[in-house]
Amino acid sequence: MNHKLGGGGRPVGENWSRSPVYGSKGMAATAHPLASQIALDILKQGGSAVDGAIAANAALGLMEPTGNGIGGDIFIIVWDPKSKQLYGYNGSGRSPKGQSLEQLQAHIDGMKQRGEVAKEYQGIPHHGPLPVSVPGTVDGWFALHQRFGKLPMNDVLAPTIRYARDGFAVSPVIAFYLQRSWSFFKDAFADSPRLNNIRETWFANGAAPAAGDLFINKDLANTLETIATEGRDAFYKGSLARRMSNYFERMEGGLAYEDFSDHQGEWVSPGSVNYRGYDLYELPPNGQGFAALQMLSILKNIELKQWPRGSAEVFHYMVEAKRLAFEDVARYYADPDFSDIPLSGLLSDAYGRERFALIDSAAASASFGAGEPTIEPKLEGEGDTTYLTVADESGMMVSLIQSNYRGMGSGMVADGTGFMFQDRGELFSLEPNHPNVYAAGKRPFHTIIPAFLMKDGEPVMSFGLMGGSMQPQGHVQILVNMLDFGMNIQEAGDAARFLHDGGSEPTGIHGDPLGTLYLEPGVAEATVKRLEAMGHKVQMDDSGVRFGGYQAIMRNKNKEGKDLGSYSGATEMRKDGTVVAW
390 MNHKLGGGGR PVGENWSRSP VYGSKGMAAT AHPLASQIAL DILKQGGSAV
440 DGAIAANAAL GLMEPTGNGI GGDIFIIVWD PKSKQLYGYN GSGRSPKGQS
490 LEQLQAHIDG MKQRGEVAKE YQGIPHHGPL PVSVPGTVDG WFALHQRFGK
540 LPMNDVLAPT IRYARDGFAV SPVIAFYLQR SWSFFKDAFA DSPRLNNIRE
590 TWFANGAAPA AGDLFINKDL ANTLETIATE GRDAFYKGSL ARRMSNYFER
640 MEGGLAYEDF SDHQGEWVSP GSVNYRGYDL YELPPNGQGF AALQMLSILK
690 NIELKQWPRG SAEVFHYMVE AKRLAFEDVA RYYADPDFSD IPLSGLLSDA
740 YGRERFALID SAAASASFGA GEPTIEPKLE GEGDTTYLTV ADESGMMVSL
790 IQSNYRGMGS GMVADGTGFM FQDRGELFSL EPNHPNVYAA GKRPFHTIIP
840 AFLMKDGEPV MSFGLMGGSM QPQGHVQILV NMLDFGMNIQ EAGDAARFLH
890 DGGSEPTGIH GDPLGTLYLE PGVAEATVKR LEAMGHKVQM DDSGVRFGGY
940 QAIMRNKNKE GKDLGSYSGA TEMRKDGTVV AW
């Protein structure tokens, strides 16, 4: 007999959720309570939403090092109320300019011969120097700050510098991920000098910090102080760039000084698809944001609300739409500087109808292939993970996502810097003719994607959902919950999710075409059985690990569409974070 105690009741809304947070002067939603408070403090000092977002991101690099940090990349969407325009920034870095595909393959072969990588492993190793690309976060901070910042960068980074020097209490979910990372790195780098800096920075006592432990990172404090006082170029051209490039030279491979000094992020124009009268905006490739747009372009051809939200039919159509979109992700998504991508064709209504027609209403298809969208003119641009969103009293809203990718990153920690480099280059393909094939000075395929919802040219919601391929799947589930089934901003994130894993990959290493459909316990047993009868390979998962981390801020309007002058916000129950307002 099951004697597990369940949840209580609520006078308003679903029993399994809680109230959104409301405020009028400013709001921040992040994966750590202290980071949210820091963003709000910056707003109260007169900072813009961009200032608050940078401050929160810096704090998360300290407090949530398992998900992000200045060794990783950044993508941002900003709603600017003055120009009434959405701005996108692609802050992803490139592979080493001095390393060709042939040289990379030779390094991988050498690692296999030395037993550092299993001989059957097909891709780029996810630890060591080979998957490291130039970190774009610091550049992204300064690009956004120059355009939209109000406070000096010294003031913006000061709270994190203080916490790094004085210490902060580790939260439970992050403690879980720290323990998992330590278990990996102490085995993967057991006989390598690379382990020394990892251990000294985060695991000084030979163990991961536990929940409630005070953690100090003086090296990161010094690094951020250098950036705050000397500016962007300290990281890409100055003393920090020299220290980082010297470290890679000593560790026999990876980035050179010129890779840092030549780095530049890019202003881009978000693309959109209209769904149920709302426009979802995502950044174009090399990220996977357009996968969410493709899914919606497919799903708008069926009225999902004819069934209950928890029905097998709703899950089935969303999963099949995901599978179709991700086949195109694997075929087309790559660095647009190296590959012609039929962006407009992928998002066209005609192509969405064409792909929708491939869905069998009664059964999961055994496999799908990539489509052949019409090649139209390119969309022109201006130029593990954490997601956060910040809004200020002026109406500016920031959707920001930042990551080191797998685990804490590559395991590469330059001497005395206090942060780990990303392993984002693992997502390159090694197939010579693939659009996403590795090349010198190229940006890899990216999973991290911020999102923004608009209606009739006005901002509605800044939101995102961290977690690899979960991200576009999560964006779609949030919008279906809200726009088709009327859930509020918090309920839409608390509701049980699915993650479909499998099919073709941008790396060229393909999984089972049918894949596995992971479901959370909130999905009814009858729905699970029906999905299995339809041919889906279902696996239940109550860990919360696979299903991402959601944050959102909404501009409140009444039923007639009048702006109420306030925000509502939501945060993720599967993480440690919170949403705060004033």
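Under this note's numbering, the first residue of the sequence shown is numbered 390, with each subsequent residue one higher.
The beta-carbon is built from N, C-alpha and C at its ideal position, and this holds for glycine as well.
From a predicted model like this one, the values you see are computed outputs, not experimental measurements.
Query raised in the report: Does DSSP classify Arg944 as helix, strand or coil?
Result: The residue labelled residue 944 in the question sits at position 555 within the sequence shown. It is a strand residue.
Query raised in the report: Beta-carbon of Ala579 versus every beta-carbon of chain D: anything under 8 Å?
Result: Note that chain D does not occur in the displayed structure, where there is just one protein chain.
Query raised in the report: If you follow the beta strand (DSSP E) that Gly450 is part of, which residue opens it and which one closes it?
Result: The count along the sequence shown starts at 1 and reaches residue 450 at position 61. From DSSP, Gly450 is part of no beta strand (DSSP E) but of the alpha helix (DSSP H) over 438–452.
Query raised in the report: For the region 418–431 against the region 956–971, are there 3 or more C-beta pairs whose distance is under 8 Å?
Result: yes
Query raised in the report: Can you give the Cα-Cα distance for Met542 and Gly856, rounded to whole angstroms?
Result: Residue 542 sits at position 153 when you count from the first residue of the sequence shown. Residue 856 sits at position 467 when you count from the first residue of the sequence shown. Answer to the nearest angstrom: the Cα atoms are 29 Å apart.
Query - Outcome for Ala970 when other beta-carbon atoms lying within 10 angstroms are tallied against a minimum of 16 - result: Position 581 of the sequence shown holds residue 970. The Cβ neighbour count for Ala970, taken over all protein chains shown within 10 Å, is at least 16; the residue is labelled buried.
Requested in this report: Note the first and the last residue of the continuous alpha helix (DSSP H) segment covering Phe574.
Outcome: Along the sequence shown, read from residue 1 onward, the residue named residue 574 stands at position 185. That run of the alpha helix (DSSP H) goes 561–577.
**Report entry** Segment contact flag, the region 748–756 with the region 721–729, C-beta cutoff 8 Å, min 3 pairs
**Finding:** no
Query raised in the report: Which word fits Thr896, buried or exposed, when buried means at least 16 other C-beta atoms lie within 10 angstroms of its C-beta?
Result: Taking the sequence shown and counting its residues from 1, the one referred to as residue 896 is at position 507. By the neighbour-count rule (16 or more Cβ atoms within 10 Å), Thr896 is buried.
**Report entry** Inter-residue spacing [alpha-carbon to alpha-carbon] between Ala597 and Arg712
**Finding:** Taking the sequence shown and counting its residues from 1, the one referred to as residue 597 is at position 208. Taking the sequence shown and counting its residues from 1, the one referred to as residue 712 is at position 323. Answer to the nearest angstrom: the Cα atoms are 38 Å apart.
**Report entry** When Ser406, Leu842, Ile616 are compared against Leu475, the one with the closest alpha-carbon
**Finding:** As a first step, residue 475 must be located in the sequence shown, where it is residue number 86. When only C-alpha atoms are compared, the closest one is Leu842.
Report task. For Pro470, collect the residues of the same chain with a Cβ closer than 7 Å to its Cβ; drop the 5 residues on either side in sequence, then sort them by chain order. Result -> In the sequence shown, counting from the first residue as 1, residue 470 sits at position 81. Counting only Cβ-Cβ distances below 7 Å, and skipping sequence neighbours, we find Ser783, Gly784, Met785.
Query raised in the report: Along the chain, which unbroken stretches of the beta strand (DSSP E) at least 3 residues long are found entirely within the region 609–668?
Result: Correct list: 655–657, 660–664.
Query raised in the report: If you follow the beta strand (DSSP E) that Pro848 is part of, which residue opens it and which one closes it?
Result: Indexing the sequence shown from 1 puts residue 848 at position 459. First-last of the beta strand (DSSP E) with Pro848: 847–855.
Query raised in the report: CB Tyr794 to CB Gly412, shorter than 8 Å?
Result: The residue labelled residue 794 in the question sits at position 405 within the sequence shown. The residue labelled residue 412 in the question sits at position 23 within the sequence shown. Not in contact: Tyr794 and Gly412 (Cβ atoms no closer than 8 Å).
**Report entry** Test item: CB-CB of Tyr721 and Leu735 under 8 Å
**Finding:** Here residue 721 is taken as the residue at index 332 of the sequence shown, counted from 1. Here residue 735 is taken as the residue at index 346 of the sequence shown, counted from 1. The answer is yes: Cβ separation under 8 Å.
**Report entry** Asn358: first and last residue of the uninterrupted beta strand (DSSP E) it sits in
**Finding:** This structure leaves residue 358 out entirely; the chain is present only between 390 and 971.
Requested in this report: Please look up how many angstroms separate the CB atoms of Tyr740 and Gly760, rounded, as I've assumed it's under 8 Å.
Outcome: Position 351 of the sequence shown holds residue 740. Position 371 of the sequence shown holds residue 760. Right, their Cβ atoms sit about 7 Å apart.
Query raised in the report: For the alpha helix (DSSP H) that Leu747 lies in, which residues bound it at each end?
Result: Here residue 747 refers to the residue found at position 358 of the sequence shown. No alpha helix (DSSP H) contains Leu747, which DSSP labels as neither H nor E.
Query - Between the CA atoms of His534 and Leu672 - distance to the nearest angstrom - result: As a first step, residue 672 is located in the sequence shown; it is residue number 283 there, counting from the start. As a first step, residue 534 is located in the sequence shown; it is residue number 145 there, counting from the start. Cα-Cα distance, rounded: 19 Å.
Query raised in the report: Three or more C-beta pairs closer than 8 Å, one from the region 695–713 and one from the region 646–653: is that the case here?
Result: no
**Report entry** Cα-Cα separation between Asn404 and Gln568, rounded to whole angstroms
**Finding:** By 1-based counting over the sequence shown, the position of residue 404 is 15. By 1-based counting over the sequence shown, the position of residue 568 is 179. So the two alpha carbons sit approximately 33 Å from each other.
Report task. Could you check if Pro861 is buried or exposed, using at least 16 other CB atoms within 10 Å of its CB as the buried criterion? Result -> Taking the sequence shown and counting its residues from 1, one reaches residue 861 at position 472. With 16 or more other Cβ atoms within 10 Å, it is buried.
Report task. Report yes if the CB atom of Phe574 is closer than 8 Å to the CB atom of Gly800, and no otherwise. Result -> Stepping through the sequence shown from its first residue, residue 574 is reached at position 185. Stepping through the sequence shown from its first residue, residue 800 is reached at position 411. Yes, the Cβ-Cβ distance between Phe574 and Gly800 is below 8 Å.
**Report entry** Environment of Thr1052 [buried if 16+ CB atoms lie within 10 Å]
**Finding:** Only positions 390 to 971 of the chain appear in this structure, which leaves residue 1052 out of reach.
Report task. Excluding the 5 residues preceding and the 5 following Pro674 in the sequence, name in chain order all residues of the same chain whose CB lies nearer than 7 Å to its CB. Result -> Mapped onto the sequence shown, residue 674 falls at position 285. Hits under 7 Å: Tyr722, Ala723, Pro725, Ile730.
Query raised in the report: How long is the line joining the alpha carbons of Ser522 and Asp890, rounded to whole angstroms?
Result: Locating residue 522 in the sequence shown gives position 133, where the first residue counts as 1. Locating residue 890 in the sequence shown gives position 501, where the first residue counts as 1. Near 26 Å, if we compare the C-alpha coordinates of Asp890 and Ser522.
Query raised in the report: Would DSSP call Phe401 helix, strand or coil?
Result: For the purposes of this step, residue 401 is taken as residue 12 along the sequence shown, with counting starting at 1. Note on residue identity: the sequence assigns Val, not Phe, to residue 401. Coil at Val401, not helix or strand.
Query raised in the report: Where does Leu432 land, buried or exposed, given buried means 16+ other C-beta within 10 angstroms?
Result: Taking the first residue of the sequence shown as position 1, residue 432 is located at position 43. Buried is the call here.
Query raised in the report: Does the separation of the CB atoms of Ile838 and Ile790 fall below 8 Å?
Result: Within the sequence shown, residue 838 is the residue found at index 449, counting from 1. Within the sequence shown, residue 790 is the residue found at index 401, counting from 1. The answer is yes: Cβ separation under 8 Å.
Query raised in the report: Where Asp952 and Ile942 are concerned, what is the direct C-alpha to C-alpha distance, given to the nearest angstrom?
Result: The residue labelled residue 952 in the question sits at position 563 within the sequence shown. The residue labelled residue 942 in the question sits at position 553 within the sequence shown. So the alpha carbons of these two residues sit roughly 14 Å apart.
Query - For Gly734, the first and last residue of its enclosing alpha helix (DSSP H) - result: As a first step, residue 734 is located in the sequence shown; it is residue number 345 there, counting from the start. Residues 732–736.
Report task. Inspect the beta-carbon positions of Asp555 and Gln434 and report whether they are closer than 8 Å. Result -> Counting from one through the sequence shown, the residue named residue 555 turns up at place 166. Counting from one through the sequence shown, the residue named residue 434 turns up at place 45. No, they are not a contact pair.
Query raised in the report: Any idea what DSSP makes of Leu540, helix, strand or coil?
Result: The residue labelled residue 540 in the question sits at position 151 within the sequence shown. Residue state, collapsed to three classes: coil.
Query raised in the report: Are the Cβ atoms of Trp571 and Phe537 separated by less than 8 Å?
Result: As a working mapping, residue 571 is identified with position 182 in the sequence shown. As a working mapping, residue 537 is identified with position 148 in the sequence shown. Against a cut-off of 8 Å, the Cβ pair of Phe537 and Trp571 comes out as no contact.
Requested in this report: Count the other C-beta atoms from every protein chain shown that fall within 10 angstroms of the C-beta of Glu771, then say buried if there are 16 or more, exposed otherwise.
Outcome: On the sequence shown, position 382 is the one that residue 771 refers to. Confidence at Glu771 is low in this model, with a pLDDT of 33, below 50, so its placement is unreliable and no value can be given for it.
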